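To start, the structure itself, in structure tokens.
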Amino acid sequence: MKKFVVFLLLLLVLPINTKVIAKESEAKNLKAAIIIDDFGGCVKGASDFLEGDVPITAAVMPFTDNSKKHAQLAHKNGFEVMIHLPMEPKRGKRSWLGPKPITADLSPKQVRERVLEAVKSVPYAVGLNNHMGSLAVENENIVRAIVEVAKEKNLYIVDSGTSSKSKFPKIAAEMGVPLLKNDVFLDDITSPAHVRKQMNLLAKKTEIKRKAIAIGHVGVTGKVCSNGILQSMDEFNKKNIKIVPVSQLFDYQLIEKKFIP
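Residue numbering for the sequence shown is -15 to 245, as defined by the numbering used here.
The structure is reproduced here in structure tokens:
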């Protein structure tokens, strides 16, 4: 009889607790942004994202065959656009960077010129993040030149997190340029199960910090990444975590003044 009474009490209490948790999550205004890198080339999965329902932020490689096309399509379909700036890594092939990358042998003036060209190459961009770049982001002169252009063009910056010694946070803070850092890579292992696992990590980080960023990719992992994200949406909805463009993770007034194209 006692067990039956306890069972009845649990039935009564659990729905209330679930509603309380849901209301608490909603009150916290939990927001996560999903940046999808590598738009701009002839890549797999581009249409899955750009014609889908998840409000990703499209990071477009400049100077590529479809830079303008993908940026325009993303903007037309209501997706936020950013520049996916190719920067020299410590390891890897130069060919992985594509045309006109930011490399360690460039002068600050040359870096500045290339970033300005990149801005013209990707219409509707309101921010930028780095493609690779574990070497270049550690070079203060290079990073300063990039941040100067971002400030002039009212672009926010997302440090993709390819080096723990990145100079972006320090210089962006010094120059008053809005910056956030990537929290999770979604598809460093190519399987939907791994993407779902990383999406779960994104949810946990969002619950702790109230806002968080994940990065996935089109291309080789494009279909897998798209499927894994879609399969995770029910869980995000249950937790009242809203997927938003990156700009909505910043202060509201900042969005109003700078980031709406």
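A virtual CB, placed ideally from N, CA and C, is assigned to each residue, including glycine. This one's a predicted model, so the numbers in the text were calculated from it and none came from an experiment.
Which of helix, strand or coil does DSSP assign to residue i?
i, result
"residue 25", "strand"
"residue 114", "strand"
"residue 43", "strand"
"residue 142", "strand"
"residue 149", "coil"
"residue 53", "helix"
"residue 163", "strand"
"residue 15", "strand"
If I measure Cβ to Cβ from residue i and keep anything under 7 Å in the same chain, skipping five residues before and after, which residues do I get?
i, result
"residue 85", "70, 71, 72"
"residue 247", "Here the chain comprises residues numbered -15 to 245, so residue 247 is not present and cannot be evaluated."
"residue 149", "122"
Rounded to the nearest angstrom, how far is the Cβ of residue i from that of residue j, given a contact under 8 Å?
i, j, result
"residue 196", "residue 182", "Their Cβ separation, rounded to whole angstroms, is 11 Å, which puts residue 196 and residue 182 out of contact at 8 Å."
"residue 147", "residue 118", "4 Å"
"residue 66", "residue 113", "6 Å"
Near residue i, what residues of its chain come up, given a Cβ to Cβ distance below 6 Å and the 5 sequence neighbours on each side ignored?
i, result
"residue 47", "83, 84, 105"
"residue 130", "99"
"residue 212", "176, 179, 180"
"residue 151", "124, 127"
"residue 43", "19, 21, 66, 68, 113"
Please go through the same chain and pick out, in chain order, the residues whose beta-carbon is closer than 8 Å to the beta-carbon of residue i, but skip the five residues on each side of it.
i, result
"residue 133", "96, 99, 100, 103, 139"
"residue 38", "18, 213, 214, 217, 227"
"residue 62", "39"
Decide if residue i is buried, meaning its Cβ has at least 16 other Cβ atoms within 10 Å, or exposed.
i, result
"residue 74", "exposed"
"residue 231", "buried"
Practice item. Please go through the segment 168 to 241 and give each complete alpha helix (DSSP H) segment of 4 or more residues, from N-terminal end onward. Key: 176 to 193, 206 to 222
Point to revise | Every unbroken alpha helix (DSSP H) inside the segment 57 to 105 [4 residues or more] | key: 92 to 105
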